[in-house]
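Single-structure report; data block below.
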Amino acid sequence: MKHWIMENTNLKILKIEAGIEIEKVNNLKELDIVFKKYLGKKGKITQVLRSLKDLSEKERKKKGKLANQVKQKIEKTVEAKRKKFIAFDGPAGNGQEKGIDITVPGEKPVLGHLHPLTLVKRKIEEIFQAMGFSVIEGPEIESEWYNFDALNIPKDHPARDFWDTLYLKNGLLLRTHTSPVQIRYMEKNNPPLRVIVPGRVFRHEATDASHDIQFYQVEGLMIGKDITAANFRAIIQEFFSRFFEKPVKIRLRPSFFPFTEPSFEADISCLTCGGKGCSVCSKTG
Numbered sequence: 001m002k003h004w005i006m007e008n009t010n011l012k013i014l015k016i017e018a019g020i021e022i023e024k025v026n027n028l029k030e031l032d033i034v035f036k037k038y039l040g041k042k043g044k045i046t047q048v049l050r051s052l053k054d055l056s057e058k059e060r061k062k063k064g065k066l067a068n069q070v071k072q073k074i075e076k077t078v079e080a081k082r083k084k085f086i087a088f089d090g091p092a093g094n095g096q097e098k099g100i101d102i103t104v105p106g107e108k109p110v111l112g113h114l115h116p117l118t119l120v121k122r123k124i125e126e127i128f129q130a131m132g133f134s135v136i137e138g139p140e141i142e143s144e145w146y147n148f149d150a151l152n153i154p155k156d157h158p159a160r161d162f163w164d165t166l167y168l169k170n171g172l173l174l175r176t177h178t179s180p181v182q183i184r185y186m187e188k189n190n191p192p193l194r195v196i197v198p199g200r201v202f203r204h205e206a207t208d209a210s211h212d213i214q215f216y217q218v219e220g221l222m223i224g225k226d227i228t229a230a231n232f233r234a235i236i237q238e239f240f241s242r243f244f245e246k247p248v249k250i251r252l253r254p255s256f257f258p259f260t261e262p263s264f265e266a267d268i269s270c271l272t273c274g275g276k277g278c279s280v281c282s283k284t285g
């Protein structure tokens, strides 16, 4: 009984001592030291709890109850002090008061960079808008009619294999080009027309270093009186010169597209050698 009274007194003394030390700390670092002194792995209260196994069951219950009460009291006191430090001067809790000047402008949020695709798309749009073109957009999920049939590519046309895509339910698919937007625009607008259609398109094909199931493209549509291939050539040359910010030469090659006649593909002079031939262009100029 005498032994129990002494232990009981020791626990109460530890509680008082811990409370006094917690009250005296000036920052979070000092608070952690006091916490470890009493409740750490080798702390005084922890040692008391570990010694319970050597007591009789009756003494273990009494002493264990008091020890847990002391432990919980110290934990609450430490946590209250910790919150006080954080509320006072932030997570650093160094105990040094920091005044707040409400007249100081706030820090501007740090903004990231635009994606290269976004930058290129905006530059293309700006160039064509400067030449009098409007920018239009349309749905990426299209019907077979707008994506193929309306462009002179019926179901039995071999070009369907070249533009194989990802098919959805109810006759819908992921568009293989932005041409369907031109059809939709022509249905609602009368000539003269001068638009470009930038956007993401999809193809069902194997991926490699230069191919993927999705990519971005820009198509143009120009309808009006006396519009000829000469207009096309002039616009293309002007566009590439502005885009690459240097004069370029172009060459039109006859090609086949099932929904345009005549059809061309455009080559531009090498930007490295200026058409003289180098390793970059494989000596083609």
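Residue numbers for the sequence shown follow full-length UniProt numbering, beginning at 1 and rising by one.
For each residue, glycine too, the CB sits at the ideal point set by N, CA and C.
To the nearest angstrom, report how far apart residue i and residue j are at their CA atoms.
i: Ile196; j: Ala206; result: 28 Å
i: Lys188; j: Ile227; result: 21 Å
i: Ile153; j: Gly171; result: 15 Å
i: Arg200; j: Arg175; result: 8 Å
i: Asp149; j: Gln217; result: 21 Å
i: Lys36; j: Lys73; result: 15 Å
i: Gly93; j: His177; result: Reliability of the predicted coordinates at Gly93 is poor, the pLDDT of 46 falling under 50, and the value obtained from them is presented with this limitation in mind. Each residue's Cα considered, the two are about 59 Å apart.
i: Glu97; j: Lys76; result: At Glu97 the pLDDT is 48, less than 50, meaning the model places this residue with poor confidence; the figure from the coordinates comes in the next sentence. Rounded to whole angstroms, Glu97 to Lys76 spans 24 Å at the Cα level.
i: Gly95; j: Ile20; result: Low local confidence applies: a pLDDT of 46 at Gly95 is under 50, so the model's placement there is unreliable, with the coordinate-based value given in what follows. Rounded to the nearest angstrom, the two C-alpha atoms are 18 Å apart.
Which term fits residue i, buried or exposed, when burial requires 16 or more other beta carbons within 10 angstroms of its beta carbon?
i: Val110; result: exposed
i: Ser179; result: buried
i: Ser279; result: exposed
i: His113; result: exposed
i: Gln214; result: exposed
i: Tyr167; result: exposed
i: Asn26; result: exposed
i: Arg50; result: exposed
i: Phe85; result: buried
i: His211; result: exposed
i: residue 320; result: Any answer about residue 320 is impossible in this case: the structure gives the chain only from 1 up to 285.
i: Pro158; result: exposed
i: Pro198; result: buried
i: Lys155; result: exposed
i: Arg203; result: buried
In the DSSP output, what is residue i paired with across the bridge?
i: Gln217; result: Gly199
i: Ala266; result: Leu252
i: Met222; result: Arg194
i: Ser143; result: Leu172
i: Val135; result: Ile196
i: Thr272; result: Per DSSP, none; premise fails for Thr272.
i: His211; result: Asp208
i: Tyr167; result: Leu173
Could you tell me if the beta carbon of residue i falls within a distance shorter than 7 Å of some heavy atom in the ligand FMN?
i: Asn189; result: This structure lacks the ligand FMN; in fact it carries no ligand of any kind.
Is residue i near residue j, with beta carbons less than 8 Å apart?
i: Arg194; j: Phe133; result: yes
i: Ser269; j: Gly277; result: no
i: Leu173; j: Glu144; result: yes
i: Pro192; j: Ile223; result: yes
i: Ala18; j: Val48; result: no
i: Phe232; j: Ile127; result: no
i: Lys63; j: Leu55; result: yes
i: Ile45; j: Lys71; result: yes
i: Glu125; j: Val135; result: yes
Residue i: which of the options sits nearest, CA to CA?
i: Lys249; options: Ile223, Gly285, Lys12, Ile141; result: Gly285
i: Leu39; options: Lys24, Glu59, Glu79; result: Glu79
i: Pro190; options: Leu221, Leu11, Ser263, Glu265; result: Here residue 190 is Asn; the residue named in the question, Pro, does not match the sequence. Per the Cα distances, Leu221.
i: Arg184; options: Lys169, Pro139, Arg253; result: Pro139
i: Leu87; options: Pro116, His115, Ile136, Leu28; result: It should be noted that the sequence gives Ala, not Leu, for residue 87. The shortest Cα separation from Ala87 among Pro116, His115, Ile136, Leu28 belongs to Leu28.
i: Leu271; options: Glu261, Pro258, Lys246; result: Lys246
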